[in-house]
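Below is one structure, written out as structure tokens; the observations come after it.
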Amino acid sequence: MAEVQVAILGLGRVGTSVGLALKRYNARAQSKHTFIVTGFSTRPDDTKAAQKRSAVDSIANHPADAARGKDIVVLALPYAEVKAAYEYFAPDLRPGAVVLDFSPLKQEPIKWADKQLKNDAHMIGMTPLFNPAVLFDPVDTADRASEMLFDEGLILITPSVTSIPEAIELAADFSHILGSRTKFTDPAEHDVLMAATEVLPDVLGLGYYLALSRATGWGDVQRNTNPTFGALTHSLFDTHPDDLAAILRDSGPDVVRVLDTVMATLRDLRAALAARDHTTLEPVIASAAETYEQWYNRRYHWKFDDDAIKSAEPPGIMSALLGGWVGNKLRNRGSSQDDDPS
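When we follow the numbering used here, the leftmost residue of the sequence shown carries the number 415, and every step to the right adds one.
Take a look at the structure:
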């Protein structure tokens, strides 16, 4: 049985879920290959949680130690730590290693990777759109990790212009092993989409919290909070201020364009509320509820009529993966215990 050496840098919700999904694959009777996972995190609580749940086989104390000699490096660190991480671990990557970068934005990380990666190593951007069962659970903490996080989901694969086909194929195969469908996207297009669906909600939550917390009466307001308040402001709980600031910095122009549209809509809603114009509000709310339900049903069942979405493959996909980029590198080691990938 061939071993695939994997490093997971960052053991939050995504990183720990990757480890759990790989362990699930290992446990399947028909699995021909085994993932050996080394973890690294800058957050001790995340490290303890990942170890407790057996998402990793070992823990490294430095990103370079975790990545050294690995076939695949899953980069799921907080965004503000990603640039420095490339500088730390890039010199220790083995020839042919593939970095799967799960950063929320892609244009800047691709630049960082292009600058740092040597020795025939490659970076592919990966963005998971989670299992629809967790659509209303946005909190990004290690205790929310699950082997099923990627099941019935979609992973956006974002190659750079220098990405080789074998590394792109590996990223798609890896996505299918995690349980996700795949779709390819351009880095600039990706960041525009993430600005609208990931970053802007954080901006709205930040603005909402700042407005309330600075207003007269905050002492009473803060005592009367429930999950609705927490859902809108969760990024101030689960995202480090440095990470949120870095994400806003690198997505600023894209966010501003969408924010302008939202602000115009809010002004219209404010005018209707101030005028108690129920003849305007009621049909707007009814229409929004109807289209929201349509979106939810499409998202839950992935009914978007998109031919570019490729379904997850059966568990045997690892034979294809090992027959490609990683497989060639593993066979070059001359291990007599490797399975025949044909």
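Glycine residues also receive a C-beta, built at the ideal position from the N, C-alpha and C atoms.
Exercise. Starting from VAL428, follow its DSSP beta bridges and name the residues at the other end.
Key: Partner(s): none; VAL428 has no beta bridge.
Quiz item: For the candidate residues ASP605, THR576 and ASP459, whose alpha-carbon lies nearest to that of GLY424?
Solution: ASP459
Practice problem: At 4 residues or longer, and completely inside the region 572-604: list those alpha helix (DSSP H) runs for me, N to C. | Solution: 579-592
Quiz item: Looking at the structure shown, is THR541 part of a helix, part of a strand, or coil, going by DSSP?
Solution: strand
Self-check item: C-alpha gap between ASN533 and PRO509, whole angstroms
Solution: 5 Å
Quiz item: Helix or strand or just coil, what does DSSP make of THR448?
Solution: strand
Self-check item: Beta-bridge pairing of VAL512 - partner residues as DSSP gives them
Solution: ILE486 and HIS536
Quiz item: Looking at C-alpha atoms only, which residue of VAL670, SER574 and LYS597 is the closest neighbour of ALA610?
Solution: VAL670
Exercise. Could you have a look at SER455 and say whether DSSP puts it in helix, strand or coil?
Key: coil
Practice problem: Note down, in chain order, each residue of its chain lying with its Cβ closer than 7 Å to the Cβ of ASN440, except the 5 sequence neighbours on either side. | Solution: THR448 and PHE449
Practice problem: Let me know if VAL676 comes out buried or exposed under the rule of 16 or more other beta-carbons within 10 Å of its beta-carbon. | Solution: exposed
Practice problem: Using 10 angstroms around the beta-carbon of GLY730, count the other beta-carbons present and answer buried if the total reaches 16, otherwise exposed. | Solution: Caution is warranted here: a pLDDT of 43 is assigned to GLY730, below 50, making its placement in the model unreliable, and the coordinate value is therefore given only provisionally. With fewer than 16 other Cβ atoms within 10 Å, it is exposed.
Quiz item: Under a three-way DSSP split, which group does GLN636 fall into?
Solution: coil
Quiz prompt | Proximity to PRO518 [Cα-Cα], best of ASP674, VAL418 and ILE661 | solution = ILE661
Quiz item: In whole angstroms, what is the alpha-carbon distance linking LEU658 and VAL613?
Solution: 9 Å
Exercise. Please list, in chain order, all residues of the same chain as LEU434 whose beta carbon is under 7 Å from its beta carbon, the five residues on each side excluded.
Key: ARG467, ALA469, ALA559, SER560 and GLU561
Practice problem: Would you decide whether ASP656 is buried or exposed? Buried here means 16 or more other CB atoms lie within 10 Å of its CB. | Solution: exposed
Practice problem: Please state whether DSSP places LEU570 in a helix, a strand or coil. | Solution: strand
Exercise. Please classify LEU491: does DSSP put it in a helix, a strand, or coil?
Key: coil
Self-check item: Opening and closing residue of the beta strand (DSSP E) in which ALA416 lies
Solution: 416-423
Quiz item: Just curious, the alpha helix (DSSP H) that TRP716 is in, first and last residue?
Solution: Counting along the chain, TRP716 falls outside any alpha helix (DSSP H), and DSSP gives it neither H nor E.
Exercise. Please work out which residues of its chain come closer than 6 Å, Cβ to Cβ, to TRP526, disregarding the five sequence neighbours upstream and downstream, and give them in chain order.
Key: LYS497 and TYR500
Exercise. Would you identify the three-state DSSP class for SER472, choosing helix, strand or coil?
Key: strand
Practice problem: Go ahead and pull the three-state DSSP assignment for PHE651. | Solution: helix
Quiz item: Buried or exposed: which applies to ASN545, given that a residue is buried once 16 or more other Cβ atoms fall within 10 Å of its Cβ?
Solution: buried
Quiz item: Quick one: what's got a C-beta closer than 6 Å to PHE598's C-beta in the same chain, skipping five residues either side?
Solution: ILE571
Quiz item: Short check: CB of ASP605 to CB of SER665, under 8 Å?
Solution: yes
Quiz item: Candidates THR461, SER455 and PRO492: which alpha carbon is nearest HIS654's?
Solution: PRO492
Quiz item: Straight-line CA distance for THR576 to ALA535?
Solution: 11 Å
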